[in-house]
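J.: Residue numbers (the working numbering): 65 to 236. Here a beta-carbon is modelled for each residue, glycine too, at the ideal position from N, C-alpha and C. One structure follows; several queries about it will come next.
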Amino acid sequence: MATIEKLKTSDLDIIELSGKTVYDEPKRGTSIHVNGDTNVYKVKEGVYNTKSGLDYIIVENKETGEVGMIFQGTQGQKDGGRDIITDATLPGNIPDAQLLAADEAYKEMSKKYDIKYVGGNSLGGGLSNYVASNNDVKSVTYNPAILPDGEYAQKNPDITNYMSEYDPLTLG
Numbered sequence: 065m066a067t068i069e070k071l072k073t074s075d076l077d078i079i080e081l082s083g084k085t086v087y088d089e090p091k092r093g094t095s096i097h098v099n100g101d102t103n104v105y106k107v108k109e110g111v112y113n114t115k116s117g118l119d120y121i122i123v124e125n126k127e128t129g130e131v132g133m134i135f136q137g138t139q140g141q142k143d144g145g146r147d148i149i150t151d152a153t154l155p156g157n158i159p160d161a162q163l164l165a166a167d168e169a170y171k172e173m174s175k176k177y178d179i180k181y182v183g184g185n186s187l188g189g190g191l192s193n194y195v196a197s198n199n200d201v202k203s204v205t206y207n208p209a210i211l212p213d214g215e216y217a218q219k220n221p222d223i224t225n226y227m228s229e230y231d232p233l234t235l236g
């Protein structure tokens with residue numbers, strides 16, 4: 065894979081977008097203030113309630129112009145419980161439909177936008193890392209779900225996972 069350029073968008077911003085903002089399901093055109101109103105992002109796309117359970121936003125950092133794709137994490141019974149089904153399949157070795165849908169969505173959105181990074185929390189982090197493992201894009205996650213067996217991290221060295229001490233996904 066090619067070397068990925070250094071981002072001007074901070075990991076801290078990506079974490080807030082991943083851990084809070086994406087769950088608010090902001091509409092296209094909405095301005096979002098991140099990390100104490102210091103940084104402003106514009107929602108370019110908001111895709112929610114898909115058949116696979118995949119939910120994400122495309123945001124643009126108004127200061128740097130960088131565009132990112134942020135995936136939602138597990139949402140319980142939302143979307144007919146598709147997120148829970150995806151969570152249950154992650155320890156296996158076959159990518160679930162939602163992982164494949166995330167990769168396809170990234171490829172489609174990349175035709176429209178110059179996406180510099182992907183991000184997510186929990187299941188969204190797993191989706192983000194899966195996309196990054198298959199594409200030349202940086203991934204920044206917070207408490208990501210594990211991916212199916214495979215050498216995903218070796219495929220893209222520009223994956224950064226932040227873990228908190230007490231999250232169920234990172235205990236053990």
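Below 6 Å CB to CB, which residues in the same chain sit around V111 once its five sequence neighbours on both sides are set aside?
T.: Residue 111 sits at position 47 when you count from the first residue of the sequence shown. Taken in chain order, the residues that qualify are Y120.
J.: Who are the Cβ neighbours of S203 in its own chain at under 6 Å, not counting the five residues just before and after it?
T.: Mapped onto the sequence shown, residue 203 falls at position 139. Excluding residues within five positions, the ones whose Cβ falls inside 6 Å are V182, S192, N193, A196 and I223.
J.: Check N198 in the structure and name its three-state DSSP category.
T.: Within the sequence shown, numbered from 1, the residue matching residue 198 stands at position 134. N198 falls in the helix class under three-state DSSP.
J.: Report the rounded CA-to-CA distance for Y206 versus E109, giving the unit in angstroms.
T.: Here residue 206 corresponds to residue number 142 of the sequence shown, with the count starting at 1. Here residue 109 corresponds to residue number 45 of the sequence shown, with the count starting at 1. Going from the Cα of Y206 to the Cα of E109 covers about 22 Å.
J.: Does the Cβ of K91 have 16 or more other Cβ atoms within 10 Å, making it buried, or fewer, making it exposed?
T.: Here residue 91 is taken as the residue at index 27 of the sequence shown, counted from 1. When all chains shown are included, K91 counts as exposed.
J.: Got a sec? Which residues, its chain only, sit under 6 Å from G83 by beta carbon, not counting five neighbours each side?
T.: In the sequence shown, counting from the first residue as 1, residue 83 sits at position 19. Contacts found: N185 and Y206.
J.: For the putative contact between I78 and G132, defined by C-beta atoms under 8 Å, what is the C-beta separation to the nearest angstrom?
T.: By one-based count along the sequence shown, residue 78 stands at place 14. By one-based count along the sequence shown, residue 132 stands at place 68. Sure, about 7 Å apart at Cβ, within 8 Å.
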